[in-house]
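Chains as they are written, first to last, in the working numbering: chain A, 0 to 221; chain B, 0 to 221; chain C, 61 to 291; chain D, 61 to 291.
Here's the structure we're looking at; comments come further down.
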Amino acid sequence: MLSKEQIACRIAREIKDGQYINLGIGIPTLVANYIPDHLQVVLQSENGLLGIGPYPRSSEINPDLVNAGKETISMVKGSSLFDSAEAFSMIRGGHIDMAILGALEVSENGDISNWKIASGLIKGVGGALDLVASDAKLLVAMLHCHKDGSPKLRKQCKFPVTGVRCVHKIFTDLGVFSILPEGGFKLLERAPGVELDEIRNKTEGRLVIKGEIPEMTGFQQQ
Amino acid sequence: MLSKEQIACRIAREIKDGQYINLGIGIPTLVANYIPDHLQVVLQSENGLLGIGPYPRSSEINPDLVNAGKETISMVKGSSLFDSAEAFSMIRGGHIDMAILGALEVSENGDISNWKIASGLIKGVGGALDLVASDAKLLVAMLHCHKDGSPKLRKQCKFPVTGVRCVHKIFTDLGVFSILPEGGFKLLERAPGVELDEIRNKTEGRLVIKGEIPEMTGFQQQ
Amino acid sequence: MINKKVKDAEDAVRDITDGSVLLLGGFGLCGIPEAGIQALVGKNVKGLTCISNNAGVDDFGVGLLLKERMIKKLIASYVGENKEFEDQYRAGELELELIPQGTLAERIRAGGAGIPAFFTPAGIGSELAEGKEIREFDGRLYLLERWIKADFALVKAWKGDTAGNLIYKGTARNFNPLMAAAGKITIAEVEQLVPAGELDPNQIHTPGIYVQRIFQGAGYEKRIENITVSP
Amino acid sequence: MINKKVKDAEDAVRDITDGSVLLLGGFGLCGIPEAGIQALVGKNVKGLTCISNNAGVDDFGVGLLLKERMIKKLIASYVGENKEFEDQYRAGELELELIPQGTLAERIRAGGAGIPAFFTPAGIGSELAEGKEIREFDGRLYLLERWIKADFALVKAWKGDTAGNLIYKGTARNFNPLMAAAGKITIAEVEQLVPAGELDPNQIHTPGIYVQRIFQGAGYEKRIENITVSP
Chain A
0 MLSKEQIACR IAREIKDGQY INLGIGIPTL VANYIPDHLQ VVLQSENGLL GIGPYPRSSE
60 INPDLVNAGK ETISMVKGSS LFDSAEAFSM IRGGHIDMAI LGALEVSENG DISNWKIASG
120 LIKGVGGALD LVASDAKLLV AMLHCHKDGS PKLRKQCKFP VTGVRCVHKI FTDLGVFSIL
180 PEGGFKLLER APGVELDEIR NKTEGRLVIK GEIPEMTGFQ QQ
Chain B
0 MLSKEQIACR IAREIKDGQY INLGIGIPTL VANYIPDHLQ VVLQSENGLL GIGPYPRSSE
60 INPDLVNAGK ETISMVKGSS LFDSAEAFSM IRGGHIDMAI LGALEVSENG DISNWKIASG
120 LIKGVGGALD LVASDAKLLV AMLHCHKDGS PKLRKQCKFP VTGVRCVHKI FTDLGVFSIL
180 PEGGFKLLER APGVELDEIR NKTEGRLVIK GEIPEMTGFQ QQ
Chain C
61 MINKKVKDAE DAVRDITDGS VLLLGGFGLC GIPEAGIQAL VGKNVKGLTC ISNNAGVDDF
121 GVGLLLKERM IKKLIASYVG ENKEFEDQYR AGELELELIP QGTLAERIRA GGAGIPAFFT
181 PAGIGSELAE GKEIREFDGR LYLLERWIKA DFALVKAWKG DTAGNLIYKG TARNFNPLMA
241 AAGKITIAEV EQLVPAGELD PNQIHTPGIY VQRIFQGAGY EKRIENITVS P
Chain D
61 MINKKVKDAE DAVRDITDGS VLLLGGFGLC GIPEAGIQAL VGKNVKGLTC ISNNAGVDDF
121 GVGLLLKERM IKKLIASYVG ENKEFEDQYR AGELELELIP QGTLAERIRA GGAGIPAFFT
181 PAGIGSELAE GKEIREFDGR LYLLERWIKA DFALVKAWKG DTAGNLIYKG TARNFNPLMA
241 AAGKITIAEV EQLVPAGELD PNQIHTPGIY VQRIFQGAGY EKRIENITVS P
């Protein structure tokens, strides 16, 4: 089983040189810490920045510079600032190559639910709806199950759907999954120490396990 | 009868303090020379400038600073530069108060033709179509007749129409006309030395002359 | 050049009345019109429709207007951080319209740009598509969305001049330039107000034509929602 | 930061081929991609579709491509200053699509912004409305217009950095930022190319994400169409 940091670390391996990437709030934000130094990639913040840098030192905090999670950040060299319409022109216009988002649930045909819901009340969508409707390759980072143990990989989403047939891959604490064109979660890798039966038991939608499923390399078992 | 400069001078009297104005090519461009100093108005150039100044001195010519007629210009204090989409957002979005345009013809219900046409070939529309469709108060500056003597104030436009029911007032070398809501050119003023009969003879559309028509003041007869 | 300077925030918001529709700039608490909001709280008008990406927090930003129960309807993309909102909403005292952030930005941009409606892919397949026109272009589905305009826009910039030209700093730009263009009366507050002619015309983010009133605010708190640091 | 620098104009236009669809920045002769056009003339590709506000003059700008008979179709708002265009058009050798300038700008902006279609008032009542969908919003009529995108966009800026960020000067900005966003491959030429990090992020007009290739041009002529002076 992977920690949240390890999920982020695993996702970072999907990143290719030269990509423009949008990272959502939560586990996706952690991905930035694991991007290999030799890759030139640019992180977008949909409130209006290309070129997110690390969190600032406490002496360099700037209230006029925050990311989409309203966290203080810094900028890398070559970054640019713009308004929110321009930020979403980049997303909607197909200029962002990859989006890494959290989710409440994903269905076996690639639908995603990621509204902000608290005690049954929808509290927002933010920029997720635009990202899931864009041409960006959509990776989902989430824990495999809800806190009550119910599965998040569903036959159909129970929560309101944010986007349809848009998820490309899912990264959970138990494994890595792709969405098959005909529907179904195809298991690609399992987390260290995780047995196939556990994944079967904790997945509601159609799970496809073909051949030997490799264990992720490079992680210590939690 | 007025010269082109005098038509421009007469139109300048329509300008009110605090207005944002777009001046078309030809006679309208000349209007800038006659705006009274005590009025604070801002001239827009639809290629991307608010705050057109006078033509530059020959030592100050800048190839990167031209107006919509591709003429070298200068900027006044407080001007701003922007792209062409923003320029037309200002026009279409109702932010420009007044547009002064040239025209081939105007019909009695306020339709305007002002395509660029040469030897029967339409050579362009430029920004005129957006201006005539906007909320800007539309003033037309033109000679009363074509070179062959045929009238430009028409029952219906013979040239292709650029905008419908959009002209507010017309300023020619013979007089000033408003468009009546029910259709018709209402003569408001006549140029110095111009008799009503001349205007009647040279106007094709419905001409409305009610009461005494004052002669424009402040001009020497040409 | 036309002079847009007004005395202060109170003077600037003088004719905002019960039932006005307001655009309020900012993302979270970053780049919000602090002085304008404070002046509004002082006037205590009621029944406002507020369009803002977020609802502020309980004791800052748009949250202050919520607390005073001045808002009838809120149009936003994300209101997760405001408890006051939740209470009023659950009690049925507040209307909420949630809009995807990109659609919200584009609808406001359309309002300023005179585009009454446009098609966007965001929301297809979600409950936000209900009742909206769907059309296919080049094999893909899109929703028809309408422009958003308002009686007043309250925006915050870093620098401005008396002609109404504005320059923003950092990510405090966000929704401010879009809203400036979509307000019938746009009220801009700036940290530094300079005479017309002092700003480089090449670097203006909001041309003065969109701004009807401008004033220099004082004592900006610029509260930060989430302070995150590197060791 | 991703490095977009290429050697020169010839390298930048290497894969523009017969039949390519091109966006070409500039207004009249102001802010046109001089070096890119020259490199294209050198390649002598055929059957291009060129989208540009104007057609240049007979011996400069887009006019050079016309002269070499490289253009099959021209999409523009105004072609009044080009005799070569007129001859080819009358001979039936050239297609022309005239679009109101504001609609042209907005259609290109829509292409970059992922908006497949929008409504605009420009053209209502004119022959340009023929065959187009008309719809009423709030008591007024509007035309439906589609986005414009292209295989390549050739744009010209004043300064740029290796990350592809661009800053324009004066009215040479015009269509360039819109076209930069609407090209599948956008080629930017600049008068000064600096390393990433030297430009103020607050002052970037075209964020580098829209630019795939950038190079520093040399010997810009910047021809002026109408020299007008004050005494």
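All C-beta atoms, glycine included, are put in the ideal place defined by N, C-alpha and C.
>> Give me the chain D residues within the contact set of residue 197 of chain C, using Cβ-Cβ distance strictly less than 9 angstroms, ordered along the chain.
In response: 176, 177, 206 and 207
>> For a cutoff of 9 angstroms on Cβ pairs, would you count residue 180 of chain B as touching chain D?
In response: no
>> Short of 8 angstroms in beta carbon distance, which residues of its chain neighbour residue 62 of chain B, apart from the five on each side in sequence? Order them along the chain.
In response: 71
> Is there a Cβ from chain D that is less than 9 angstroms from the Cβ of residue 120 of chain B?
Replying inline: yes
> Can you name the residues of chain B whose CB is closer than 8 angstroms to the CB of residue 262 of chain C?
Replying inline: 80
> Who are the Cβ neighbours of residue 99 of chain C in its own chain at under 6 angstroms, not counting the five residues just before and after it?
Replying inline: 69, 70 and 73
> Between residue 233 of chain D and the rest of its own chain, which residues show a CB-CB distance below 7 angstroms, the 5 nearest in sequence each way excluded?
Replying inline: 91 and 265
> Quick one: which chain C residues come within Cβ less than 7 angstroms of residue 180 of chain D?
Replying inline: 175
> Which term fits residue 190 of chain D, buried or exposed, when burial requires 16 or more other beta carbons within 10 angstroms of its beta carbon?
Replying inline: exposed
> Can at least three beta-carbon pairs, one atom from the segment 145–164 of chain A and one from the segment 112–129 of chain A, be found at a separation below 8 angstroms?
Replying inline: yes
> Pairing CB atoms from the segment 73–90 of chain A with CB atoms from the segment 100–120 of chain A, are three or more of them under 8 angstroms?
Replying inline: no
>> On the CB-based measure, 16 or more other CB atoms within 10 Å of its CB, does residue 57 of chain B come out buried or exposed?
In response: exposed
> From which residue to which residue does the beta strand (DSSP E) around residue 251 of chain D run?
Replying inline: 243–254
> Pairing CB atoms from the segment 219–236 of chain D with CB atoms from the segment 36–56 of chain B, are three or more of them under 8 angstroms?
Replying inline: yes
>> Under 8 angstroms, with one C-beta from each stretch per pair, do the segment 160–177 of chain C and the segment 146–160 of chain D reach the 3-pair mark?
In response: no
>> One question on the structure: do residue 51 of chain B and residue 99 of chain B come within less than 9 angstroms of each other, judged by their Cβ atoms?
In response: no
> Does the beta carbon of residue 198 of chain B sit closer than 9 angstroms to a beta carbon anywhere in chain C?
Replying inline: no
>> According to DSSP, is residue 183 of chain B part of a helix, a strand, or is it coil?
In response: coil
> Leaving out the 5 sequence neighbours to the left and right, which residues in its chain are closer than 6 angstroms to residue 67 of chain A when beta-carbon positions are compared?
Replying inline: 44, 45 and 46
> Which value, in whole angstroms, describes the spacing of the CA atoms of residue 148 of chain A and residue 142 of chain A?
Replying inline: 10 angstroms
> Whose C-beta lies closer than 6 angstroms to the C-beta of residue 214 of chain C among residues of the same chain, with five residues either side of it excluded?
Replying inline: 84, 93, 96 and 247
> Count the other CB atoms within 10 Å of the CB of residue 88 of chain B; is the residue buried (16 or more) or exposed (fewer)?
Replying inline: buried
>> Does the CB of residue 96 of chain C have a neighbour CB from chain B at under 9 angstroms?
In response: no
> How far does the alpha helix (DSSP H) with residue 202 of chain C in it reach, from first residue to last?
Replying inline: Here residue 202 of chain C belongs to no alpha helix (DSSP H); instead the beta strand (DSSP E) covers 200–206.
>> Which residues of the segment 268–289 of chain D have a Cβ closer than 9 angstroms to any Cβ of chain A? Give them in chain order.
In response: 268, 269 and 270
> Taking C-alpha atoms, which residue in D:210, D:277 and D:278 lies nearest to residue 270 of chain D?
Replying inline: D:210
> If you draw a straight line from the alpha carbon of residue 112 of chain C to that of residue 139 of chain C, how long is it in whole angstroms?
Replying inline: 10 angstroms
> So the alpha helix (DSSP H) residue 168 of chain D belongs to, where does it begin and stop?
Replying inline: 161–173
> So which residues of chain C does residue 229 of chain D contact, with C-beta pairs closer than 7 angstroms?
Replying inline: 262
>> So for residue 90 of chain D, helix, strand or coil by DSSP?
In response: strand
>> As an exercise, report each continuous beta strand (DSSP E) stretch of at least 3 residues that is fully enclosed by the segment 74–104 of chain B, in chain order.
In response: 74–80 and 97–100
>> Any contact between the segment 275–284 of chain C and the segment 172–180 of chain D? By contact I mean 3 or more CB pairs, one from each, below 8 angstroms.
In response: no
>> In this structure, how does DSSP classify residue 129 of chain C when only helix, strand and coil are distinguished?
In response: coil
>> List, in chain order, every chain D residue whose beta-carbon is nearer than 8 angstroms to that of residue 108 of chain B.
In response: Simply none; closest approach about 11 angstroms.
> At a CB-CB cut-off below 7 angstroms, which residues of chain B make contact with residue 241 of chain C?
Replying inline: 88 and 92
> What is the rounded straight-line gap between the Cα of residue 173 of chain B and the Cα of residue 17 of chain B?
Replying inline: 29 angstroms
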